[in-house]
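Q: Residue numbers (the numbering used here): 69 to 258. First the structure, which I've put down as structure tokens, then a few questions once you've had a look.
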């Protein structure tokens with residue numbers, strides 16, 4: 069049975085857990101989410117889903133957050149339906165992150181929605197303010213292992229980001245990009 073079928077089969081139970089968890093204060097739910105970060109198996113998947121659904125800006129159905137995914141500023145995170153976040157991903161939604169439907173984010177990916185300012189030569193870079201920039205990952209996107217998506221980037225529908233790529237520019241629909249910085253390899257339509 070595929071994950072989607074399992075999710076639908078147990079969706080009523082998952083919703084009950086979700087409503088129960090919502091009675092807990094937000095700060096406690098955040099701590100519990102971190103506490104269950106490395107829990108394996110279906111138990112871990114369900115607990116992370118329920119907690120993240122209660123904390124995120126919006127959360128669709130059948131979202132699979134695998135063990136060892138590091139999530140920050142989840143209140144600015146929107147995730148659609150049928151999304152998978154594989155182990156060792158680092159996602160910081162300080163500037164807001166939107167992930168559409170049917171998106172697969174492979175192991176070890178980083179998605180950042182903030183960047184350091186560095187223009188003032190009289191202030192150490194680490195002490196300068198951050199700039200927050202929304203990241204949008206549209207529907208039907210595959211992000212390969214250890215890819216990095218920088219702040220302010222849009223990954224358009226149907227795009228594929230190759231493994232170990234650093235995406236510094238917006239992609240077009242159905243493009244395959246790879247490299248550091250990521251460049252267009254080809255278009256999926258031909």
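Glycine is no exception: its CB is placed at the ideal position from the N, C-alpha and C atoms.
(1) Figure out for me which residue from 214, 158, 119 and 173 has the closest Cα to the Cα of residue 140.
(2) Tell me the rounded alpha-carbon separation between residue 246 and residue 230.
(3) Using DSSP with H/G/I as helix, E/B as strand and the rest coil, what is residue 122?
(4) Just tell me which of 128, 125, 173 and 135 has its CA closest to the CA of residue 116.
(5) Could you tell me the alpha carbon to alpha carbon distance between residue 235 and residue 152, rounded to whole angstroms?
(6) What does a CB cutoff of less than 7 Å around residue 98 pick up in its chain, not counting 5 residues either side in sequence?
(7) For residue 251, does the three-state DSSP call read helix, strand or coil?
(8) Residue 160 bridges to which residues according to DSSP?
(9) Can you look up residue 84 in the DSSP assignment and give me helix, strand or coil?
A: The short version:
(1) The shortest Cα separation from residue 140 among 214, 158, 119 and 173 belongs to 158.
(2) Per the coordinates, the alpha-carbon of residue 246 lies some 5 Å from the alpha-carbon of residue 230.
(3) Looking at residue 122 - three-state DSSP - the assignment turns out to be helix.
(4) The shortest CA-to-CA distance from residue 116 to any of 128, 125, 173 and 135 is the one to 135.
(5) The straight-line gap from Cα to Cα measures roughly 19 Å.
(6) The residues are 123.
(7) If DSSP states are grouped into helix, strand and coil, residue 251 belongs with the strands.
(8) Paired residues: 140 and 180.
(9) Three-state DSSP puts residue 84 in a helix.
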